[in-house]
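Trainee: Numbering (this note's numbering), first residue to last: 562 to 727. Ideal Cβ positions, reconstructed from N, Cα and C, are used throughout, including at glycine.
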C-alpha cells in the first residue's frame with residue numbers, strides 16, 4: 562500500500578498521483594484506454610503480479626477512476642470500466658506517451674502507438690491552448706501563477722513572479 566498520502570497537499574499533480582497510486586496504476590489505466598477490461602487481460606498485457614493487480618484495481622475503484630461490473634455468473638467474474646473521472650486521465654496518459662516517444666529510445670521501428678483522428682486518420686498530439694481564443698500556445702510562453710486555492714507552499718514553489726513552464 563501507499564507509504565505517504567498526498568491527500569492533504571494543495572497540489573493538483575499530487576492529487577492525480579494520489580488517485581492513480583503508482584506505476585502499475587498508470588499501466589492499468591493505459592490498458593483500459595486501449596479497451597482492455599478484464600483481469601486476465603491486464604495480467605497478460607503488463608505482467609503485473611496477481612496480488613498487485615487486485616490491490617491496484619481496488620485502489621483505482623476507491624479513487625473513483627474505475628468501476629466493477631459483473632460479466633459472468635458461474636464462476637462470478639467482473640470487468641473493469643473507466644468512470645468519467647478515469648476517462649479524463651487520457652490526457653495524462655497521452656502526455657506520458659508523447660514524452661516517452663520523444664525521449665525514450667524505440668530504435669528504428671519508431672513509436673509503438675500512434676494517436677490519430679478516428680475520421681481522418683491524421684496524427685494527433687497534445688498542445689497548450691489559450692482558453693479564450695482556442696489558439697495553440699508555445700510552452701515557452703506558459704507561466705504558472707497562484708490560483709484561487711493556493712496556500713503558502715504553493716506561493717513558495719512559485720516564488721514571487723511565478724514560474725515559466727518552458
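Give the list of continuous beta strand (DSSP E) stretches no shorter than 3 residues that lie fully inside the stretch 574-600.
Mentor: none
Trainee: How far does the beta strand (DSSP E) with residue 629 in it reach, from first residue to last?
Mentor: 627-633
Trainee: Among residues of its own chain, excluding the 5 on either side of residue 620, which ones have a beta-carbon nearer than 6 Å to its beta-carbon?
Mentor: 582
Trainee: Residue 603: buried (16+ other C-beta within 10 angstroms of its C-beta) or exposed?
Mentor: buried
Trainee: For residue 652, which option in 687, 701 and 569 has the closest C-alpha, if you only look at C-alpha atoms?
Mentor: Of the candidates 687, 701 and 569, 687 places its Cα closest to the Cα of residue 652.
Trainee: I'd like the span of the beta strand (DSSP E) that includes residue 532, first residue to last.
Mentor: Given that the chain is displayed from residue 562 to residue 727, the structure contains no residue 532 and the question cannot be resolved.
Trainee: Using DSSP's beta-bridge definition, name the partner residues of residue 689.
Mentor: 698
Trainee: Under the rule that 16 or more other beta-carbon atoms within 10 Å means buried, what is residue 563, buried or exposed?
Mentor: Model confidence at residue 563 stands at a pLDDT of 48, short of 50, so the residue's coordinates are unreliable and nothing is read from them.
Trainee: Between the stretch 602-616 and the stretch 660-677, do at least 3 Cβ pairs fall closer than 8 Å?
Mentor: Cβ pair count under 8 Å is below three, so no.
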